[in-house]
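Residue numbers (this note's numbering): 1 to 381.
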Amino acid sequence: MKPYENTIPRDSELGQTVHNLFKARRQYDIKDTRGKGYGYNFLEIDANLEAYNFIKKKFGGWKGMPESVELDLTNMLNTKVPDNLNDAANVNAKTNPFAKADNNFKTFSAAVHAEGKAKYDGAFNEVRNALPEDLRGSLVGRPKGETSINDRLIREAGKGKTIENAADAIDAIPDLVGARLILDDASPAKIDKVVDSLVDAIKKGDMKVTEIENYRGANGKPYFTEAHLDKLKKADPEIIVLEGPKATKKSGYTTTQLNIKAKNGANVEFQIRGKQINELAEAEHLAHDLRMGKDLSKGIKELAELYKPLETVVKSMDESQNTAYTNYLAAMYNYIRSREMGMPAKNPTLSEGLDKILSIESLKDLHHRAQEIVSAQKLAA
Numbered sequence: 001m002k003p004y005e006n007t008i009p010r011d012s013e014l015g016q017t018v019h020n021l022f023k024a025r026r027q028y029d030i031k032d033t034r035g036k037g038y039g040y041n042f043l044e045i046d047a048n049l050e051a052y053n054f055i056k057k058k059f060g061g062w063k064g065m066p067e068s069v070e071l072d073l074t075n076m077l078n079t080k081v082p083d084n085l086n087d088a089a090n091v092n093a094k095t096n097p098f099a100k101a102d103n104n105f106k107t108f109s110a111a112v113h114a115e116g117k118a119k120y121d122g123a124f125n126e127v128r129n130a131l132p133e134d135l136r137g138s139l140v141g142r143p144k145g146e147t148s149i150n151d152r153l154i155r156e157a158g159k160g161k162t163i164e165n166a167a168d169a170i171d172a173i174p175d176l177v178g179a180r181l182i183l184d185d186a187s188p189a190k191i192d193k194v195v196d197s198l199v200d201a202i203k204k205g206d207m208k209v210t211e212i213e214n215y216r217g218a219n220g221k222p223y224f225t226e227a228h229l230d231k232l233k234k235a236d237p238e239i240i241v242l243e244g245p246k247a248t249k250k251s252g253y254t255t256t257q258l259n260i261k262a263k264n265g266a267n268v269e270f271q272i273r274g275k276q277i278n279e280l281a282e283a284e285h286l287a288h289d290l291r292m293g294k295d296l297s298k299g300i301k302e303l304a305e306l307y308k309p310l311e312t313v314v315k316s317m318d319e320s321q322n323t324a325y326t327n328y329l330a331a332m333y334n335y336i337r338s339r340e341m342g343m344p345a346k347n348p349t350l351s352e353g354l355d356k357i358l359s360i361e362s363l364k365d366l367h368h369r370a371q372e373i374v375s376a377q378k379l380a381a
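So, in structure tokens, the structure goes:
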């Protein structure tokens, strides 16, 4: 490994925080891993609970933490203790940054997954019936997978959420059932039609929307306009709308998400996006997940080999390259959303200095090949 790989830049916000931790290392028992001026190697940081909370406190908790800092911190902690998070026998609760995550999580995850499967049909059909009839066939869905549930429980426990039983675990999963409307036509007129249908369902009591998250980039074009949000709020004033900075993504990620409480009690995450944005989001999430330290292989050797070149590139990127890539993604989201709306736009190109494997075209190809591998595995099973 090169000495500058997997480092936190010294001049970054997280680097400054780690520097402060090193100054207080007697109190926090943090190992000073400075070396050769390349930054701090987070693989060697003693990620104990006190240090973890110290970092969180600097930014006023997770909600106040910049996305890039949260990414670095999450990556640091996931890399430090990935194999031990669910093994209470091997992880001392005092030094585990996710102290509440114990060996019961696997049992909880299985129970939550079973709950999702049992309630999926009812919850999915509730969303489906709230849509215009001609668009109901464009809705796809799934109960949340067991591995994803386990990962989410670990993250929620790390944020301080109490998870002591299966009921707590179910409550901690906001997307027990996932539904996504993928529109071939995502024009303003078509979105108007979707919103009017949702408003009608809400007024009739056929759907309970608890929150709307209208995600887009800083200069992006969200799927729901202010007029759409006003209509939905008038239909049910209790709806919480996540707007402004909280709904603005540096990567340009564009999707409207409705959190729904189904009549059978299931927490539903309902996303609305165009077909082209969906293809972009599915592709660019590969690089995002690798930056988060996630294992995309699903235990499949062929997938691990497929993703290895991308993983190598992602892990070698420095702060300036990460910034350039984030700007490229934001421009790509804006370009595709503009085309969906019938507006003229210029197709952005990958910045110089970035590996071509990071281009959206390349990531789409990787995603397609990965799907073929997974399908072949299922057929062979």
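C-beta: ideal position from N, C-alpha, C; glycine also.
Can you grab the Cα-Cα spacing for the pair residue i / residue j, in whole Å?
i    : j    : result
E164 : K106 : 12 Å
A169 : I272 : 26 Å
V313 : G353 : 12 Å
G299 : S109 : 18 Å
P82  : K161 : In this prediction, P82 has a pLDDT of 35, which is less than 50 and means its spatial position is unreliable; nothing more can be read from the coordinates.
N84  : L296 : Any answer about N84 is weak, because its pLDDT of 34 lies below 50 and its placement is not dependable; what the coordinates show is given next. Between N84 and L296, the C-alpha separation is close to 19 Å.
Y331 : T349 : Checking the sequence shown, residue 331 turns out to be Ala, not Tyr. So the two alpha carbons sit approximately 9 Å from each other.
K190 : D184 : 10 Å
G382 : R152 : There is simply no residue 382 to check, as the chain begins at 1 and stops at 381 in what is shown.
T255 : N322 : 22 Å
L286 : Y307 : 9 Å
F98  : I154 : Residue confidence for F98 is low, a pLDDT of 39 falling below 50, so the modelled location carries little weight; the figure read from the coordinates is stated next. If you take the alpha carbons of F98 and I154, they lie about 7 Å apart.
E238 : A370 : 42 Å
L382 : E305 : Residue 382 is absent from the model: the chain starts at 1 and stops at 381.
K378 : D236 : 43 Å
R128 : G137 : 8 Å
K204 : R180 : 22 Å
M317 : S148 : 26 Å
A281 : A376 : 23 Å
What does DSSP give as the partner residues of residue i in its beta bridges?
i    : result
Y325 : Looking at the DSSP assignment, Y325 forms no beta bridge with any residue, so it has no partner.
A179 : G141 and F270
Q257 : E213 and Q271
I240 : E211
T248 : R216
According to the Cβ coordinates, are residue i and residue j closer than 7 Å?
i    : j    : result
P143 : N267 : no
I382 : L290 : Residue 382 is absent from the model: the chain starts at 1 and stops at 381.
A262 : E372 : no
K249 : Y215 : yes
A324 : S362 : no
G252 : G217 : yes
A111 : A167 : no
P132 : S187 : no
T210 : N150 : no
H113 : E146 : yes
K246 : V199 : no
Q276 : I360 : no
What distance in whole Å lies between the Cβ atoms of residue j and residue i, which are believed to be in contact at a cut-off of 8 Å?
i    : j    : result
V241 : I212 : 5 Å
I182 : N278 : 5 Å
G244 : N334 : With 8 Å as the limit, G244 and N334 do not qualify as a contact, their Cβ atoms being about 18 Å apart.
G141 : G178 : 6 Å
V194 : L139 : Contact doesn't hold; Cβ gap of about 11 Å is too wide.
Which residues in the same chain as residue i place their Cβ atom closer than 8 Å to its Cβ, once the five residues preceding and following it in sequence are excluded?
i    : result
D192 : H228
V374 : K298, I300 and L303
R339 : Q276 and A345
A172 : R152, L153, E156, K161 and I163
K233 : I239 and V241
L288 : The question names Leu, but residue 288 in the sequence shown is His. Excluding residues within five positions, the ones whose Cβ falls inside 8 Å are S251.
Quick one: what's got a C-beta closer than 6 Å to residue i's C-beta in the same chain, skipping five residues either side?
i    : result
T225 : none
M207 : A130 and A201
Y120 : P143 and V177
H368 : none
D355 : V313
T411 : Because residue 411 is not part of the residues shown, which for the chain are 1 to 381, the question remains open.
Excluding the five sequence neighbours on either side, which residues of its own chain have a C-beta within less than 7 Å of the C-beta of residue i, listed in chain order?
i    : result
K364 : E279 and A283
E269 : P174, D175, G178, Q257 and N259
N347 : Y335
A123 : V177, A262, N264, A266 and V268
G385 : The question about residue 385 has no answer here: the residues shown for the chain are numbered 1 through 381.
L329 : S251, G252 and E284
Tell me whether residue i counts as near the ligand FMN, meaning its Cβ is closer than 6 Å to at least one heavy atom of that ligand.
i    : result
L354 : You won't find the ligand FMN in this model; it holds no ligand whatsoever.
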